[in-house]
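**Q**
Below, the structure written as structure tokens:
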């Protein structure tokens with residue numbers, strides 16, 4: 001079994017090895033310059049277009065079996081259990097805790113949380129793709145007691161003039177429906193989520209829209225609440241396999257001053273690869289305080305070929321400060 005929370009190899013040594021490989025590759029910059037798209041102007045990267053691309057992906061994988069349940073979530077983010085309500089707090093009448101997953105996909109992160117948290121923990125999941133939300137609901141309902149679970153369509157990357165409601169309002173409405181409460185009883189200005197889970201979602205957001213995305217995440221998070229983050233790191237295996245002709249140009253910059261390492265997959269969805277410094281800058285500029293930030297390196301053994309593959313992720317926990 002692959003344990004994604006482990007530190008299987010040195011990221012620094014891996015980085016040096018991969019940079020050497022990149023330097024030895026023949027340059028195709030002239031071709032790449034002709035074929036790359038610009039995230040500041042291309043219709044392919046509009047949120048509505050991206051949502052359609054993800055609809056297509058989840059239609060092709062509608063059983064939810066493409067991504068296995070991420071059992072490692074509770075081990076690499078113990079703060080989820082720390083923040084979730086216990087059975088004792090249920091008996092004491094304490095308010096229910098809310099775990100919010102942004103970019104839920106087929107529900108592979110929701111299931112381990114639902115199976116480990118106490119009954120008075122609410123799990124809300126959202127995605128920009130309506131098909132993903134349908135698949136997530138189906139997977140969760142067929143696998144566990146879903147009375148404390150709700151899923152809804154929402155995209156935090158949308159600007160205020162592109163959506164009738166803010167992301168925080170969408171969360172509030174979904175929370176009210178699950179709790180059978182009147183939405184007006186909850187202050188719009190107060191974040192609801194004790195824990196926000198962002199697992200392989202920021203990499204799919206066009207860099208230009210990341211500030212808006214993060215502001216809406218900040219607004220939806222309760223003061224003192226935490227964001228648990230995991231996403232693709234620089235020099236992760238898929239990055240090394242992308243061709244230059246799949247790169248997406250951006251006028252934004254990563255922390256090292258270079259253009260974001262952003263690529264378009266064959267199905268039109270996006271994949272961005274991050275450094276620790278870039279993630280720190282993104283979260284801290286949005287108002288969050290860093291608690292954990294490191295590379296997670298994982299050996300992934302291919303049973304068919306016997307090949308040992310190196311995967312690299314950014315693992316982080318950020319906290320919203322108290323008022």
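In the UniProt record's numbering, the protein residues as written are 1 to 323.
Even for Gly, the Cβ is constructed at its ideal location relative to N, Cα and C.
Fair warning: this is a prediction, and the values are worked out from it, not measured in the lab.
1. Can you name the residues that DSSP bridges to residue 45?
2. With which residues is residue 150 paired in a DSSP beta bridge?
3. Which residues in the same chain as residue 319 place their Cβ atom closer than 6 Å to its Cβ, once the five residues preceding and following it in sequence are excluded?
4. Which word fits residue 142, buried or exposed, when buried means at least 16 other C-beta atoms lie within 10 angstroms of its C-beta?
5. To the nearest angstrom, how far is the alpha carbon of residue 83 from that of residue 97?
6. Quick one: residues in its chain with C-beta nearer than 7 Å to the C-beta of residue 324, no 5 flanking neighbours on either side, listed in chain order?
7. Starting from residue 228, follow its DSSP beta bridges and name the residues at the other end.
8. Counting Cβ pairs closer than 8 Å, one from the stretch 266-285 and one from the stretch 227-246, do we hit at least three?
9. Can you tell which of 174, 169, 200 has its C-alpha closest to the C-alpha of residue 190?
10. Please report the straight-line C-alpha distance between residue 101 and residue 153, rounded to a whole angstrom.
11. In the DSSP assignment, find the unbroken alpha helix (DSSP H) run with residue 167 in it and report its ends.
12. Just checking my contact of residue 312 with residue 293 at CB under 8 Å: how many whole Å lie between their CB atoms?
13. Determine the closest residue to residue 230 out of 128, 129, 297, with distance taken between C-alpha atoms.
14. Is the beta carbon of residue 166 less than 8 Å from the beta carbon of residue 213?
15. On the three-state DSSP scale, how would you describe residue 91?
16. So, helix, strand or coil for residue 249, using DSSP?
17. Judging by CA-CA distance, which residue of 136, 21, 250 is the nearest neighbour of residue 61?
18. Could you say which of 203, 281, 175, 283 lies nearest to residue 125 if we only look at CA atoms?
19. Could you tell me the boundaries of the alpha helix (DSSP H) in which residue 233 lies?
20. Less than 8 Å between the beta carbons of residue 112 and residue 70, yes or no?
21. Have a look at the DSSP bridge pairing and note the partners of residue 271.
22. Would residue 261 be called buried (16 or more neighbouring beta carbons within 10 Å of its own) or exposed?
23. Please classify residue 43 as buried or exposed, where buried requires at least 16 neighbouring CB atoms within 10 angstroms.
24. Let me check one thing: in DSSP terms, what residues is residue 290 bridge-paired to?
25. Check the C-beta distance from residue 208 over to residue 250 and give it rounded, since I have them as a contact under 8 Å.
26. Does DSSP put residue 223 in a helix, a strand or coil?
**A** Let me spell this out:
1. For residue 45, which the question treats as bridged, DSSP gives no partner whatsoever.
2. Paired residues: 124.
3. 226, 289, 291
4. exposed
5. 7 Å
6. This structure cannot settle anything about residue 324, because the visible part of the chain is limited to 1 through 323.
7. Paired residues: 197, 317.
8. yes
9. 169
10. 12 Å
11. 167-179
12. In fact, because the Cβ distance is near 14 Å, the residues do not count as touching under 8 Å.
13. 297
14. no
15. Reliability of the predicted coordinates at residue 91 is poor, the pLDDT of 47 falling under 50, and the value obtained from them is presented with this limitation in mind. Looking at residue 91 - three-state DSSP - the assignment turns out to be helix.
16. strand
17. 136
18. Taking only the C-alpha atoms, the option nearest residue 125 is 175.
19. Where residue 233 is concerned, there is no enclosing alpha helix (DSSP H), because DSSP gives it neither an H nor an E.
20. Yes.
21. According to DSSP, which records beta bridges pairwise, residue 271 is partnered with 263.
22. buried
23. Answer is exposed; the Cβ neighbour count stays below 16.
24. 318
25. 7 Å
26. strand
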